[in-house]
Amino acid sequence: MSRHPAPGWLHDLDPAVLDEAVRRLAACAHAGGRVVLAAHVGPDGDALGAALALHVALSGLGARTVPTVGEEPLKVPASLADLPGVRDLVTPSSLPAAADVDLLVTLDAASPQRLGSVSKLLDEGVTTIVVDHHASSTAFGDLRLVAPNAAATVLIVDELLHRLEVLLTVEIATCLYVGLVTDTGRFGHASTDRAAMEFGGRLLDVGVEHAELTRRLYGTSSLGELRLLGRALDRLAFVPEVSLVHTHLTADELTVTGASLEATEAVIDVVRTSDVAEVALVCKPAPDGTWRVSLRSHGRVDVGAIAERLGGGGHAFAAGFTANGAVEDVVASVVDALRSGWAPGAETDA
Ligand SMILES: [Mn+2]
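Set out below in structure tokens:
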């Protein structure tokens, strides 16, 4: 049943827990049970791709699946709006009561907080399978499939589907591919390994239209988004002492340019290309008045550790946290964290 060769990240998982998760999912599907599939709030391609791949596959096996994101109104990034199953997403207020849910599967969410209001199902004791690849994952859930060495959560989902003997359709493979290509930075991040590359190859074999998907994910910007990028780049600042390049956006700029909050996600991808800085930081205004702070590292600094210290989380090379107050103070808190020592361990490409 296992792949040739078995992917290295598989060693992160407890085989007994993996078997039990597969057994529960199969039993639930065959009994027509109800499974809530929860992507994290502010869903990215990996979270949404993982949830929707499971949604399409498990519903095909007979489960009554409820894919969801723990926030409303539901905001799916435009680049992900055409994913198979996206129209089936249910808002948290329309979720079934805990008593009517047989299983909760959380996807790419490192903590209950990342589940938004779906976390109430956890609190109410619904049996929960955690599927994730964040090393920072907190100890929640009943069956934990957390593989920090997996380049994306969709790889773990693929393993589950393989063990459930689900044949990948183009629909399922498309969801999985979007998770893979976004979380590996188009196969460019240090997390990209042989398992990720081979997974991509298998998905192409299924018939994923990868060039069209990549164009939709990365190759299109509205005028508002480009203007927003201009504003952000215009106020770019460099702190040589800690090798940090940083910028921010204001809520007014979002309004004036007509760009969506999701468009701000693209800013960090440009800022991080700076050739002088090890770490990139972008502060984005969230609708609730807080700052959503994105951090990226080229590999010598563990920005996941810094984000965690500031109340957030993520990976060694890509992380984030939420902050209040003046943007200068937010930047100062990161400078302080960086000044207190280069966080070790990121260079191993784990
Ligand atoms: Mn992920």
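Add 94 to the 1-based position in the sequence shown for the numbering used here, that's all there is to it.
C-beta atoms are modelled at their ideal positions from N, C-alpha and C, and glycine is treated no differently.
For residue i and residue j, what's the separation of their Cα atoms in angstroms?
i      : j      : result
ALA47  : HIS134 : The first residue shown for the chain is 95 and the last is 444, placing residue 47 beyond what the model contains.
VAL248 : PHE293 : 10 Å
ALA345 : GLY414 : 19 Å
GLY210 : GLU359 : 20 Å
SER315 : ALA110 : 46 Å
ALA311 : VAL212 : Checking the sequence shown, residue 311 turns out to be Leu, not Ala. Taking the straight line joining both Cα atoms gives about 27 Å.
VAL272 : ASP182 : 18 Å
GLY164 : ARG433 : 35 Å
VAL429 : ARG309 : 36 Å
THR268 : LEU177 : 7 Å
VAL303 : ALA132 : Note on identity: in this sequence residue 303 is Glu, with Val being the wrong assignment. Distance between the alpha carbons of GLU303 and ALA132 is about 26 Å.
SER337 : ARG325 : 22 Å
LEU215 : SER368 : 43 Å
VAL361 : GLY393 : 19 Å
SER484 : GLY398 : Outside the shown range of the chain (95 to 444) lies residue 484, about which nothing can therefore be said.
GLY410 : PHE234 : It is worth fixing the name first, because residue 410 is Ala in this sequence and not Gly. Their Cα atoms are separated by approximately 21 Å.
ASP363 : LEU104 : 29 Å
ARG117 : PRO161 : 20 Å
VAL425 : VAL350 : 24 Å
GLU265 : THR384 : 37 Å
VAL260 : ASP328 : 49 Å
THR185 : LYS169 : 10 Å
LEU197 : ARG321 : 44 Å
ALA156 : GLY127 : It should be pointed out that residue 156 corresponds to Gly in this sequence rather than to Ala. Their Cα atoms are separated by approximately 8 Å.
PRO381 : ASP299 : 41 Å
PHE332 : VAL339 : 4 Å
ALA366 : ASP396 : First, the residue type needs correcting, since residue 366 is Arg and not Ala in the sequence shown. So the two alpha carbons sit approximately 15 Å from each other.
ASP277 : LEU270 : 11 Å
HIS256 : ILE250 : 10 Å
ALA120 : LEU258 : 7 Å
MET95  : GLU402 : Low confidence applies here, because MET95 scores a pLDDT of 46, under 50, leaving its location unreliable; read the following figure in that light. Rounded to the nearest angstrom, the two C-alpha atoms are 38 Å apart.
VAL150 : GLY179 : 7 Å
ALA357 : GLY136 : 12 Å
GLY313 : LEU348 : 21 Å
ALA144 : ARG208 : 15 Å
LEU152 : GLY282 : 31 Å
SER427 : LEU404 : 8 Å
Give me the residue from the options with the minimum Cα distance to residue i.
i      : options                           : result
ALA417 : HIS392, HIS409 and VAL387         : VAL387
ASP108 : ALA175, ASP138, GLY136 and ASP236 : ASP236
SER205 : ALA191, VAL225 and GLU218         : VAL225
ALA371 : ASP382, PRO334, VAL397 and PRO381 : PRO334
THR200 : GLN207, THR185, THR222 and LYS214 : THR222
ALA245 : LEU215, LEU258, ALA192 and ALA284 : ALA284
THR263 : ASP423, ASP140, GLY383 and LEU148 : LEU148
GLY279 : ALA412, ALA420 and GLY127         : ALA412
LEU274 : GLU265, LEU297 and ARG257         : LEU297
ALA100 : ALA233, ASP202, ALA121 and ASP252 : ASP252
ASP106 : GLN207, SER337, HIS227 and LEU320 : HIS227
GLU114 : ILE400, ALA357, LEU239 and THR384 : LEU239
ILE400 : VAL195, TRP385, ALA431 and ASP138 : ALA431
VAL376 : THR341, ALA172, PHE234 and ALA145 : THR341
GLU422 : THR159, LYS378 and GLY407         : LYS378
GLU218 : VAL116, PRO190, ASN243 and ASP202 : PRO190
ARG390 : GLY408, ALA151 and THR159         : GLY408
ALA175 : ARG117, ASP138 and ALA426         : ASP138
VAL195 : ALA123, MET291, LEU142 and LEU307 : ALA123
VAL220 : SER188, LEU307 and VAL129         : VAL129
LEU142 : GLU166, GLY282 and ALA203         : ALA203
THR286 : ASP140, ALA121 and ASN243         : ASN243
ALA125 : GLY136, ALA145, LEU146 and THR159 : THR159
GLU166 : ALA172, ARG208, SER187 and ALA289 : SER187
GLY102 : ALA144, LEU152, ALA241 and PRO171 : ALA241
ILE173 : GLY301, LEU307 and LEU330         : The question names Ile, yet the displayed sequence has Ser at residue 173. Checking every option, the nearest Cα to that of SER173 belongs to LEU307.
ALA420 : LEU343, ALA192 and GLY405         : LEU343
GLY318 : LEU330, GLY352, GLY405 and GLY295 : GLY352
For a cutoff of 7 Å on Cβ pairs, would you count residue i as touching chain B?
i      : result
ASP363 : The structure shown contains no chain B, having only a single protein chain.
At a cut-off of 6 Å, is residue i close to ligand 3 when judged by its beta-carbon and the heavy atoms of the ligand?
i      : result
THR367 : This structure simply doesn't include ligand 3; it includes ligand 1 instead.
Could you give the uninterrupted runs of the alpha helix (DSSP H) lying entirely in the segment 358-387, keeping only those of 4 residues or more?
359-365
What residues come near ligand 1, if near means a beta carbon less than 6 Å from any of its heavy atoms?
Having a Cβ closer than 6 Å to some heavy atom of ligand 1 are ASP140, ASP202, HIS227, ALA246, THR247 and ASP277.
As an exercise, report each continuous beta strand (DSSP E) stretch of at least 3 residues that is fully enclosed by the segment 115-194, in chain order.
128-133 and 158-163
What are the start and end residues of each continuous alpha helix (DSSP H) run of 4 or more residues lying completely inside the segment 241-295, in chain order?
247-257 and 264-277
Note down, one range per segment and in chain order, each alpha helix (DSSP H) of at least 4 residues found wholly within the segment 386-410.
Whole alpha helix (DSSP H) segments, 4+ residues: 397-403.
I'd like the ranges of any alpha helix (DSSP H) spanning at least 4 consecutive residues and lying wholly in the segment 290-358.
304-312, 317-328 and 345-351
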